[in-house]
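Participant: Numbering-wise, the sequence shown is residues -21 to -1, 1 to 111 according to mature numbering (1 follows the signal peptide of the UniProt record, and there is no 0).
Okay, handing you the structure first.
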Amino acid sequence: MKSLFLTAGAMALAACATATAQQGEDPLAGYERTDEVRRCIPMQSVIGLQGLDDRHLLLETDGGALYLNEVNGRCRGAADYYSILRYDTTVTSFCAGEAIRVIDRTTDSVRGSCTLGEFVRVRETGDAAGSQ
């Protein structure tokens, strides 16, 4: 079984998202959904995965594409600076229905978990680009 920790690739993006979430703003305000929906994203193309809030994750690929994932349940603490998103898999893709765990990086304890939904491609609007 492969285990993937996603932290370093998403650190800069996560800092912006965490600041937005802490200020009580809508973390999705800076993104516009497209019609492209995928059930799986190949792992080798993923350069970052960040929590926008407890219900939304943002995945970035090496080609610069951004995908929003509305998780099933809540990934409690996913957008917190001290959290790591962990994904255990036997396959080579992030797929809808797979579990993500939120790990506290200071205590190595599980803070929460959730199940991935479908990946909807998004593009940044002026709001997102301006906040970064």
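Even glycine gets a Cβ: it sits at the ideal position worked out from N, Cα and C.
(1) In or out: glutamine 23 buried (at least 16 other Cβ within 10 Å) or exposed?
(2) Exposed or buried, valine 101, counting other C-beta atoms within 10 Å across all chains shown (16 or more means buried)?
(3) Among Thr85, Val81, Thr86, Thr40, which one has its Cα closest to the Cα of glycine 30?
(4) Taking the Cβ atom as the reference point for each residue, do valine 99 and tyrosine 66 lie within a distance shorter than 8 Å?
(5) Could you give the distance in angstroms between the alpha-carbon of tyrosine 61 and the alpha-carbon of aspartate 32?
(6) Fully enclosed by the stretch 72 to 111, which beta strand (DSSP E) runs are 3 residues long or longer?
(7) Taking C-beta to C-beta, are cysteine 93 and valine 50 nearer than 8 Å?
(8) Hey, how far is the Cα of methionine -21 from the Cα of threonine 71?
Facilitator: The answer reads as follows:
(1) Exposed.
(2) Around the Cβ of valine 101, a 10 Å sphere holds 16 or more other Cβ atoms; the residue is buried.
(3) For glycine 30, the nearest C-alpha among the options comes from Val81.
(4) It is not a contact, given that the beta carbons lie outside the stated cut-off.
(5) The alpha-carbon separation between tyrosine 61 and aspartate 32 amounts to approximately 14 Å.
(6) Here the runs fully enclosed are 72 to 74, 78 to 83, 89 to 94, 98 to 103.
(7) Here cysteine 93 is near valine 50, since their CB atoms are less than 8 Å apart.
(8) Only weak support is given to the placement of methionine -21: the predicted model assigns it a pLDDT of 44, under 50, and the value that follows is read from those uncertain coordinates. Rounded to whole angstroms, methionine -21 to threonine 71 spans 10 Å at the Cα level.
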